[in-house]
């Protein structure tokens, strides 16, 4: 996915660095994403967060 392209539902949004991705969210549309914060924590629907120094980009799984 190129910079500036809008996300479509089903996009994976990556956080971390080019060397180490520490978190992946699933974009569901309407500026919202599914987040599973950590082991044992409740899965949540959160606002799409694209700013910050740990945003690494987005893309789609092949297939």
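Residue numbers (the UniProt record's numbering): 1 to 63.
Glycine included, each C-beta is placed from N, C-alpha and C at the ideal position.
The structure presented is a predicted model; accordingly, all values stated were derived computationally and were not measured.
Applying the criterion that 16 or more other CB atoms from any shown protein chain within 10 Å of the CB defines a buried residue, is residue 55 buried or exposed? exposed
Beta-carbon spacing of residue 42, residue 24 below 8 Å: no
Give me the residue from 49, 18 and 19 with the minimum Cα distance to residue 32. 49
Residue 22 and residue 29: beta carbons closer than 8 Å? no
On the CB-based measure, 16 or more other CB atoms within 10 Å of its CB, does residue 27 come out buried or exposed? buried
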